[in-house]
Amino acid sequence: MQPNYGQYTQRNVQTATPGQLVVMLYDGMIRFFTQASAAMESGEIELGNNRVNRGLAIITELRCTLDMTQGDLAERLASIYDWCHDEVIDARVRNDPAKLGRVIGMLSDLRSSWAQIANTPRPDVAQNRPVVGVNLAG
3 MQPNYGQYTQ RNVQTATPGQ LVVMLYDGMI RFFTQASAAM ESGEIELGNN RVNRGLAIIT
63 ELRCTLDMTQ GDLAERLASI YDWCHDEVID ARVRNDPAKL GRVIGMLSDL RSSWAQIANT
123 PRPDVAQNRP VVGVNLAG
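Using this note's numbering, the letters of the sequence shown map in sequence onto residues 3 to 140.
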């Protein structure tokens, strides 16, 4: 019996924190652009275009969901996403896997930062804090 990976993935997404979801999106972008680069190198144009489109959809989603009222960080991320988008389009037009490689490098660095953030405990959640106000007598 083969496990149902769709259900496993769906459960992971449903139980993930917002930070973990961002890391998952980065994982998807990196995977799609890596596949697109390999397809470009092997001359599989249709597969390459498909993978580029899937990666670009994630970039667009991340760009559109930025809360621009949060200031400088959101503006910097928007600029990075715009740069990645433009570079990927240029890589597709020029059939240039090296250009995709630079985008993958940038996204990998950002993914590492997001993973670090996602795995950092929130300061307002104290470990081993006594529970107050629970009636244990029933």
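Glycine included, each C-beta is placed from N, C-alpha and C at the ideal position.
Given the structure is predicted, the values throughout are model-derived calculations rather than measurements.
Worksheet item: Given a threshold of 16 other Cβ atoms within 10 Å of its Cβ, counted over all protein chains shown, does Ser115 qualify as buried or as exposed?
Response: Stepping through the sequence shown from its first residue, residue 115 is reached at position 113. The residue is exposed, with fewer than 16 neighbouring Cβ atoms inside 10 Å.
Fill in: Neighbourhood of Gly57 by C-beta distance below 6 Å, restricted to the same chain and skipping five residues each side
By 1-based counting over the sequence shown, the position of residue 57 is 55. For Gly57, where only same-chain residues beyond five positions count, the Cβ hits under 6 Å are Met31, Phe34 and Phe35.
Discussion item. Checking 7 Å against the spacing of the C-beta atoms, do Ile106 and His87 come in under that value?
Written reply: Here residue 106 is taken as the residue at index 104 of the sequence shown, counted from 1. Here residue 87 is taken as the residue at index 85 of the sequence shown, counted from 1. Cβ distance not < 7 Å, so Ile106 and His87 don't count as in contact.
Discussion item. Tyr28 and Leu79 - do their beta-carbons sit closer together than 7 Å?
Written reply: By one-based count along the sequence shown, residue 79 stands at place 77. By one-based count along the sequence shown, residue 28 stands at place 26. Not a contact, by the Cβ cut-off of 7 Å.
Discussion item. Using CA atoms only, rank isn't needed, just tell me which of Arg104, Cys66, Asp98 and Leu112 is closest to Glu43.
Written reply: Locating residue 43 in the sequence shown gives position 41, counting from the first residue. Here the closest residue by C-alpha is Asp98.
Worksheet entry | Supposed close pair Ala120, Gln22 - CB separation, criterion 8 Å | What you label residue 120 is simply residue 118 of the sequence shown in a count that begins at 1. What you label residue 22 is simply residue 20 of the sequence shown in a count that begins at 1. Ala120 to Gln22, Cβ: 5 Å. Contact.
Worksheet entry | C-alpha distance - Gln67 paired with Glu46, whole-angstrom precision | Looking up residue 67 in the sequence shown gives position 65. Looking up residue 46 in the sequence shown gives position 44. The sequence given here places Thr at residue 67; Gln does not occur at that position. Approximately 32 Å between the Cα atoms of the pair.
Item to complete: For Gln37, I'd like the list of residues in its chain whose CB is within less than 7 Å of its CB, leaving aside the five on either flank, ordered along the chain.
Response: For the purposes of this step, residue 37 is taken as residue 35 along the sequence shown, with counting starting at 1. The residues are Arg53.
Worksheet item: Between the Cα of Gly103 and the Cα atoms of Met70, Ala40, Glu63 and Val25, which residue gives the shortest distance?
Response: Against the sequence shown, residue 103 aligns to sequence position 101. Residue Ala40 is the option with its Cα nearest to Gly103.
Discussion item. Less than 7 Å between the C-beta atoms of Tyr83 and Leu112, yes or no?
Written reply: For the purposes of this step, residue 83 is identified with residue 81 of the sequence shown, where counting begins at 1. For the purposes of this step, residue 112 is identified with residue 110 of the sequence shown, where counting begins at 1. In this structure, Leu112 does not lie closer than 7 Å to Tyr83 by Cβ.
Fill in: First through last residue of the alpha helix (DSSP H) which encompasses Glu48
For this step, residue 48 is matched to residue 46 along the sequence shown. Ile47 to Cys66 is the span of the alpha helix (DSSP H), which, as asked, contains Glu48.
Item to complete: Check Thr19 in the structure and name its three-state DSSP category.
Response: Locating residue 19 in the sequence shown gives position 17, counting from the first residue. DSSP places Thr19 in coil when its eight states are reduced to three.
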